[in-house]
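There are 2 protein chains.
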Amino acid sequence: MSALPAKAAILGAGVIGSGWLARLIDNGVECAVFDPDPGAGSTIAPVLENAERAAAELIDVPRPRKGAWSLTGSVADAVAGADLIVEAVPERLDVKRAVYREIESANADGIIASSTSGFRPSVLQEGMSHPERLIVAHPFNPVYLLPLVEVVGGKATDPAAIERAMALYTALGMKPLHLKVEIDAFVADRLMEALWREALWLVNDGVATTEEIDDAIRYGCGLRWAQMGTFQTFQIAGGERGMRHFMEQFGPALAWPWTKLTDVPDLTPDLIDRIAEQSDAQADGRTPRDLERIRDANLVAILKALRATGWGAGETLAGYEARLRETTIGD
Amino acid sequence: MSALPAKAAILGAGVIGSGWLARLIDNGVECAVFDPDPGAGSTIAPVLENAERAAAELIDVPRPRKGAWSLTGSVADAVAGADLIVEAVPERLDVKRAVYREIESANADGIIASSTSGFRPSVLQEGMSHPERLIVAHPFNPVYLLPLVEVVGGKATDPAAIERAMALYTALGMKPLHLKVEIDAFVADRLMEALWREALWLVNDGVATTEEIDDAIRYGCGLRWAQMGTFQTFQIAGGERGMRHFMEQFGPALAWPWTKLTDVPDLTPDLIDRIAEQSDAQADGRTPRDLERIRDANLVAILKALRATGWGAGETLAGYEARLRETTIGD
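Residue numbers (our numbering), protein chains in the order written: chain A, 2 to 332; chain B, 2 to 332.
Right, here's the structure in full:
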């Protein structure tokens, strides 16, 4: 049996719901979409168009025949017979709970996957008759291109539903990240929100403009973050002695008022041990020198990719090469 | 006259100093390096090797003849006759100030560019005889690949030194970002530090491992940040009505305890106006639809680049395609 659902329902046809639709039909899954807004089609069409352009350029193997899809007149019509029910309605608990009631009266066994970026699944499950099939599957815009989906179960979630979801998102070409601990906003949005709040302070205090802040990201740390996260990047910075050395060297800076986020964890020996051990496990036998070479090969590939699109760091590279070429000709 | 220095001195041969050395000699600049540690050469050699491998793969045009370089026995020997003096010694004010005294007694007119990631230039300038030629030029590891360098002047800095530095770093193939307001840790490290502090909390609280946190970055927001920053990404999310709409929609989340960074700026009408206006200026006439297509083209190019290196999001893509290929063959 394929990990893909035979039929999916999508409730809410905003940017996120439309992105899920694109990914699902591109994998041959039949979809039914419901949105109470009669103008919902106006969001869907351009998202499907963007997704098709992207997939045609990206995917090097024969793609599945596109799944059929249709707009339906009600939640009940959309979810009838669906193995996967994507909830992508506005971030209001009352709205989501009303939708779950409608789902439960019309569908008995599909996985209900909320796209919420903030509510814990256990909170969403309150008041449901069959909460065991509800999970959070939090994607990132554009859903048809970014692989990450955070999969989170609530107190009442059946572990089998998580297992099925992990296989399903993998089959859709995604990278499902199963978070074992429920917190508001999960992991990725916590990180993005911390950076965002600091960025708002920088604009608020007149230190930098939005463009300067964006440039500080996309010409620097953003290029690293496209391929290694913050821990692995810093592990490399620690050199032969790795993360433990980095933490010892830069730990003191945590006490300095860099960022407005001054409430920081104590770097106890226990926490340093935990981070060093997890970072070593993550390196999976690769030496710092190995990781440097992997990082550099990735950065070179990304810079070349952006040179081809003519954007950001790739535009800088192209300008540099143009000047080198002139200099050589002028010699 | 070329914007490049005829001769540069590099004080401190750690990972950052060695990275500067690689970038400078690769642009034909003659360099003299001083590090009090007699084992300094052991850091330089592998950095130069990595840099050469990266540049050979990255640069598509004839490269300049490599600049000669040598290790010297003193600061005075290194800085003699240098137009650019790169200070990359440890992050201790007393150490840096002692080095500046040595520079001032041996070199009268080279630009002194500190690689500090934290100290404001005005603080570094205290006690100097000729502070007008000191700037901060804060790079990012690996210096030979990442284009960003934050250029910051202090109270005593001559505007001509900033102007010369901006031309110099551009000539080195970098993206110099001139920050007009001095704050500790400048802009990029503020953002990185906010994300890092939040990440430490997530490990500290047992919510996620270092690998899970890194995956949440490199399969999601990190791919976006390699080509657009946080403001432009969110501007697209705001759709036709742009940043103003986004701020109205997601502004309330600032009051929620997502992240430990709960001290957030008030989203006054004035701040919303400022952000919306700056974001519009940054878009430079591009519609949200234009920006979506640029974003998607960049993401497709980055995903293909990572597919070629077999890493992160590219590994996910390759696995997906392998399964699609099997399915087609199995049909």
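Idealized CB from N, CA, C, for every residue including glycine.
Span of the beta strand (DSSP E), counted from its first residue to its last, around residue i
i: residue 154 of chain B; result: 149-154
i: residue 97 of chain B; result: Looking at the DSSP string, residue 97 of chain B is not in any beta strand (DSSP E); the run it does join, the alpha helix (DSSP H), is 94-105.
i: residue 88 of chain B; result: 85-88
i: residue 34 of chain B; result: 31-35
i: residue 137 of chain B; result: 135-140
i: residue 177 of chain A; result: 176-180
i: residue 12 of chain A; result: 8-12
i: residue 123 of chain A; result: No beta strand (DSSP E) contains residue 123 of chain A, which is instead part of the alpha helix (DSSP H) from 122-126.
i: residue 114 of chain B; result: 112-115
i: residue 70 of chain B; result: 70-72
Contacts that residue i makes with chain A (C-beta to C-beta distance below 9 angstroms)
i: residue 170 of chain B; result: What residue 170 of chain B touches in chain A: nothing, since even the nearest Cβ is about 11 angstroms away.
i: residue 122 of chain B; result: Ordered by position in chain A, no residue passes the 9 angstroms Cβ test against residue 122 of chain B, which lies about 15 angstroms from the chain.
i: residue 46 of chain B; result: Result: empty, since nearest Cβ-Cβ is about 12 angstroms, beyond 9 angstroms.
i: residue 22 of chain B; result: None at all; the shortest Cβ gap to chain A is about 16 angstroms.
i: residue 322 of chain B; result: 60, 61, 62 and 174
Residue i: contacting residues in chain A (beta-carbon distance under 7 angstroms)
i: residue 26 of chain B; result: Result: empty, since nearest Cβ-Cβ is about 15 angstroms, beyond 7 angstroms.
i: residue 266 of chain B; result: 201, 202 and 205
i: residue 326 of chain B; result: 62
i: residue 224 of chain B; result: 147 and 227
i: residue 219 of chain B; result: 226, 227, 228, 229 and 230
i: residue 306 of chain B; result: 302, 303, 305 and 306
Residue i: contacting residues in chain B (beta-carbon distance under 7 angstroms)
i: residue 247 of chain A; result: None at all; the shortest Cβ gap to chain B is about 11 angstroms.
i: residue 313 of chain A; result: 228
Residue i: first and last residue of the uninterrupted alpha helix (DSSP H) it sits in
i: residue 53 of chain A; result: 42-59
i: residue 25 of chain A; result: 16-27
i: residue 163 of chain B; result: 160-172
i: residue 79 of chain B; result: 76-80
Partner residues on chain A for residue i, Cβ-Cβ distance less than 8 angstroms
i: residue 216 of chain B; result: 149, 176, 178 and 230
i: residue 54 of chain B; result: 294 and 297
i: residue 309 of chain B; result: 302
i: residue 100 of chain B; result: Ordered by position in chain A, no residue passes the 8 angstroms Cβ test against residue 100 of chain B, which lies about 19 angstroms from the chain.
Contacts of residue i in chain B (Cβ-Cβ under 8 angstroms)
i: residue 317 of chain A; result: 148, 174, 175 and 176
i: residue 188 of chain A; result: 203, 208, 209, 213, 214 and 217
Contacts of residue i in chain B (Cβ-Cβ under 9 angstroms)
i: residue 158 of chain A; result: Under the 9 angstroms cutoff, chain B gives no residues; its nearest Cβ is about 17 angstroms from residue 158 of chain A.
i: residue 164 of chain A; result: Here the premise fails: no neighbours, minimum Cβ distance about 18 angstroms.
i: residue 1 of chain A; result: With chain A covering only 2 through 332, there is no way to say anything about residue 1 of chain A.
Item to check | Residues within the region 102-116 of chain A neighbouring chain B, beta-carbon criterion of under 7 angstroms | outcome: none
Item to check | Segment contact, 8 angstroms Cβ cut-off, at least three pairs: the region 278-290 of chain A with the region 269-287 of chain B | outcome: no
Checklist entry - Quick one: complete alpha helix (DSSP H) runs, 4+ long, within the region 183-213 of chain A? => result 189-205
Item to check | Residues in the region 134-145 of chain A having any Cβ partner in chain B nearer than 8 angstroms | outcome: 141, 142 and 143
Checklist entry - Using 8 angstroms as the threshold, is the region 2-11 of chain A in touch with the region 44-61 of chain A, meaning 3 or more CB pairs across them? => result no
Next on the checklist: Residues of the region 57-88 of chain A in Cβ contact with chain B at a cutoff of 9 angstroms, in chain order, please.
Outcome noted: 58, 59, 60, 61, 62, 63, 64 and 65
Checklist entry - Where are the alpha helix (DSSP H) runs, 4 residues long or more, that stay fully inside the region 225-308 of chain A, in chain order? => result 231-238, 243-251 and 270-284
Checklist entry - Going along the chain, which residues of the region 270-304 of chain B sit with their C-beta nearer than 8 angstroms to a C-beta in chain A? => result 272, 275, 276, 279, 280, 282, 283, 290, 293, 294, 295, 296, 297, 298, 299, 300, 301, 302, 303 and 304
Checklist entry - Listed from N- to C-terminal order along the chain, which residues in the region 192-214 of chain A have their beta-carbon within a distance smaller than 9 angstroms of any beta-carbon of chain B? => result 192, 193, 194, 195, 196, 197, 198, 199, 200, 201, 202, 203, 204, 205, 206, 207, 208, 209, 210, 211, 212, 213 and 214
Next on the checklist: Below 8 angstroms, how does it come out for the region 170-178 of chain B and the region 216-232 of chain B: are there three or more Cβ pairs, yes or no?
Outcome noted: no
Next on the checklist: Under 8 angstroms, with one C-beta from each stretch per pair, do the region 101-118 of chain B and the region 54-65 of chain B reach the 3-pair mark?
Outcome noted: no
Item to check | Contact the region 77-86 of chain A vs the region 106-122 of chain A: 3+ CB pairs below 8 angstroms | outcome: yes
Checklist entry - Does the region 178-191 of chain B come within contact of the region 118-132 of chain B, defined as at least 3 CB pairs closer than 8 angstroms? => result yes
Checklist entry - Are three or more beta carbon pairs between the region 136-145 of chain B and the region 20-28 of chain B nearer than 8 angstroms? => result yes
Checklist entry - Pairing CB atoms from the region 152-163 of chain A with CB atoms from the region 122-131 of chain A, are three or more of them under 8 angstroms? => result yes
Next on the checklist: Can you pull out the residues from the region 233-245 of chain B whose beta carbon lies closer than 9 angstroms to at least one beta carbon of chain A?
Outcome noted: 233, 234, 235, 236, 237, 238, 240 and 244
Next on the checklist: Pairs of beta-carbons, one from the region 231-240 of chain B and one from the region 305-316 of chain B, closer than 8 angstroms: are there three or more?
Outcome noted: no
Checklist entry - Which residues, taken in chain order from the region 2-19 of chain B, show a beta carbon closer than 8 angstroms to some beta carbon of chain A? => result 16
Item to check | At least three beta-carbon pairs within less than 8 angstroms, the region 50-59 of chain B to the region 87-99 of chain B | outcome: no
Checklist entry - Is the region 188-202 of chain B touching the region 212-222 of chain A, taking contact as three or more C-beta pairs under 8 angstroms? => result yes
Checklist entry - Is the number of C-beta pairs between the region 188-208 of chain A and the region 264-277 of chain B that are closer than 8 angstroms three or more? => result yes
Item to check | Where the region 28-43 of chain A meets chain B: residues whose CB sits under 8 angstroms from a CB there | outcome: none
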